[in-house]
Amino acid sequence: MFDYLIVGAGFAGSILAERLAAVENKKVLLLDKRNHIGGNAYDHYDNDGILIHKYGPHIFHTNSKEVFEHLSRFTEWRHYQHKVLADLDGQQVPIPINLTTINTLYNLDLSSTELDGFFASKGENVPQVRTSEDVVVKAVGRDLYNKFFKGYTQKQWDLDPSELDASVTARVPTRVNKDDRYFTDTYQSMPLHGYTRMFEKMLSHPNIKVMLNTDYHEIVESIPFTKMIFTGPVDEYFDYCYGKLPYRSINFKFETLDMAKFQNTGTINYPNDYQFTRITEFKYLTGQKHHKTSLVYEFPTAKGDPYYPIPRPENAELYKKYKSLADASDTHFVGRLATYKYYNMDQVVAQALHTFKKIQAETADKPEA
Ligand code: FAD
Ligand code: UDP
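In our numbering, the protein residues as written are -3 to 365.
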């Protein structure tokens, strides 16, 4: 008899499994239909012994001390600040757009103050920022929007930026200084021995049983448990009763080259050329030394595993219906797929820790009979 059946061994499920087992002494069955733990953050060594991320590049960053300290129980860290270049007709410039980007692109020598004025003169007057187009044309104007955002977004989402919520392109800021880091969070680090090792440590508790290669439908009727935590797609849980929630998927193409270094930074974005959006070279992220190098190309697609919830009003409406069912159910829904939120890893960890506190409060209210 298990106290908890947790579906999905990614961040959401694993964080909760560990807390419930270690703090509340609950017996947990954690299951995943894949053949590994870690969810989309899973990493492994490829045939040449290079550490790669099976579901695309995962760079950890957070402003939350609580989240960072929590994960630090299970891993040491390697300080890493991710940098990205955008390739525009062969010219590679920093993204997020910064002072270097503009001076290089337009052959100028602006100061930060002058760049402020430059953006003000180019930015369009958008009274109400609603879409991913609005955010960018307001901040930097149409030309830079067309160069850096329109094509990339079309490839990534198969939608024009005007059809997506503002929050999507707002993930990428604009800067008037030369800061060329992709993220500016307080904590920016990679698990020293990789994500999978961190998950292994998190889940190595005698109260946790991990079952892989198992869809929860296969066992839900036959294995006794008291409560369920679900971290898979919420529409799947409710048998798509209101129709399918749209997700975007990606085909990852991996390549290993017989050279120590391929490109000049961790990731290069290709906003306007090719069918892939970006190329990531893993050794930048992991710091691994190796005479070969492994890359991943990301080809966005409609079919395949659900990776990205698609933030736009009609999808939010549909999700609201599922959320009503979720709120009325006995099951807890946690994570990127179960709450249909375009969350980074740290946000999922924070959400799981919050759910744990909620569960603790509920259990304290209802002492066992
Ligand atoms: P998941 O990791 O998706 O875990 C859910 C698990 O549930 C899966 O393993 C799945 O197999 C399992 N499952 C689903 N249905 C069933 C079922 N019926 N039965 C059994 N098991 C089931 N975040 C960052 O912070 N930094 C990054 O750089 C970053 N890069 C990313 C790049 C890509 C290409 C993608 C797709 C995401 C990226 N993310 C990044 C986001 C990050 O992957 C997520 O925030 C995080 O992994 C979500 O964790 P989760 O536990 O909610 O979901
Ligand atoms: N984006 C873009 N051009 C870029 C980088 C990002 O248009 O060079 C847009 C695109 O819509 C993308 C979104 O901004 O989906 C968020 O980018 P991020 O790098 O955060 O995407 P993720 O790493 O989550 O795939």
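Think of the CB as a built atom: it goes at the ideal place given N, C-alpha and C, for glycine as much as any other residue.
Keep in mind the model is a prediction, meaning the values are calculated, not measured.
Where does residue 198 fall in DSSP's three states? helix
From residue 230 to residue 256, what distance separates their C-alpha atoms? In this structure, the CA atom of residue 230 is about 43 angstroms from the CA atom of residue 256.
Euclidean distance between Cα positions of residue 52 and residue 292: C-alpha separation (whole angstroms): 7 angstroms.
So residue 290 and residue 48 are supposed to be a Cβ contact under 8 angstroms. How far apart are they, rounded? 5 angstroms
So, with DSSP's three-state summary, where would you put residue 249? strand
Starting from the N-terminal side, write out each stretch of the alpha helix (DSSP H) that is 4 residues or longer and does not extend beyond the region 1 to 89. 7 to 18 and 61 to 67
Measure from the alpha carbon of residue 281 to the alpha carbon of each residue in 87, 110 and 73, then state which is nearest. 73
Taking the beta carbon of residue 113 as the centre, do at least 16 other beta carbons fall within 10 Å, making it buried, or is it exposed? By the Cβ neighbour-count rule, residue 113 is exposed, with fewer than 16 other Cβ atoms within 10 Å of its own.
Check whether the Cβ atoms of residue 236 and residue 226 lie closer than 7 angstroms to each other. Cβ atoms of residue 236 and residue 226: not closer than 7 angstroms.
One or two residues paired with residue 328 in a DSSP bridge: In the DSSP output, where bridge partners are listed per residue, residue 328 has 225.
Let me make sure I understand the geometry here. Which of 3, 1 and 8 has the alpha-carbon closest to that of residue 349? 8
Between residue 167 and ligand 2, is there a pair consisting of the residue's CB and a ligand heavy atom that are separated by less than 6 angstroms? yes
Looking only at its chain, what residues have a beta carbon closer than 7 angstroms to the beta carbon of residue 277, apart from the 5 residues adjacent to it on each side? 258, 259, 262, 289 and 291
Helix, strand or coil at residue 212 according to DSSP, with G and I counted as helix: helix
Can you tell me whether residue 0 sits near ligand 1, meaning its C-beta is under 6 angstroms from at least one heavy atom of the ligand? no
Where does residue 342 land, buried or exposed, given buried means 16+ other C-beta within 10 angstroms? buried
Do you know offhand how far residue 63's Cα is from residue 103's? 42 angstroms
Since residue 181 and residue 66 should fall inside the 8 angstroms C-beta cutoff, what is the C-beta to C-beta distance between them, to a whole number of angstroms? In this structure residue 181 is not in contact with residue 66, their Cβ atoms being roughly 15 angstroms apart against a cut-off of 8 angstroms.
In this structure, how does DSSP classify residue 310 when only helix, strand and coil are distinguished? helix
So does residue 28 have its beta carbon nearer than 6 angstroms to some heavy atom of ligand 1? yes
Since residue 195 and residue 247 should fall inside the 8 angstroms C-beta cutoff, what is the C-beta to C-beta distance between them, to a whole number of angstroms? With a Cβ gap of about 24 angstroms, residue 195 and residue 247 do not count as contacting.
By the 10 Å Cβ neighbour count, where 16 or more other Cβ atoms means buried, how is residue 10 classified, buried or exposed? buried
Which residues does DSSP list as the beta-bridge partners of residue 277? Per DSSP, 291.
Report whether the distance from the Cβ of residue 6 to the nearest heavy atom of ligand 1 is below 6 angstroms. yes
Residue 255 in three-state terms, based on DSSP: coil
Hey, how far is the Cα of residue 245 from the Cα of residue 153? One C-alpha to the other measures close to 9 angstroms.
Expressed to the nearest angstrom, what Euclidean distance is found between the alpha-carbon atoms of residue 367 and residue 184? Only positions -3 to 365 of the chain appear in the structure, and residue 367 is not among them; the question remains open.
Quick check on residue 347: does DSSP put it in helix, strand or coil? In the three-state reduction of the DSSP assignment, residue 347 falls in the helix class, which pools H, G and I.
Can you look up residue 265 in the DSSP assignment and give me helix, strand or coil? strand
Going by the beta-carbon positions, is the gap between residue 111 and residue 168 smaller than 7 angstroms? At a Cβ-Cβ threshold of 7 angstroms, residue 111 and residue 168 do not count as neighbours.
CB contact flag (residue 241, residue 338, <7 angstroms): no
Whether residue 26 touches residue 13 by CB criterion (7 angstroms): yes
Kindly identify the DSSP beta-bridge partner or partners of residue 207. 27.
Going along the chain, which residues of its own chain have a beta-carbon closer than 6 angstroms to the beta-carbon of residue 358, five neighbours each way excluded? none
Please classify residue 4: is it buried, with 16 or more other beta-carbons within 10 angstroms of its beta-carbon, or exposed? buried
Bridge partners of residue 296, per DSSP? 246
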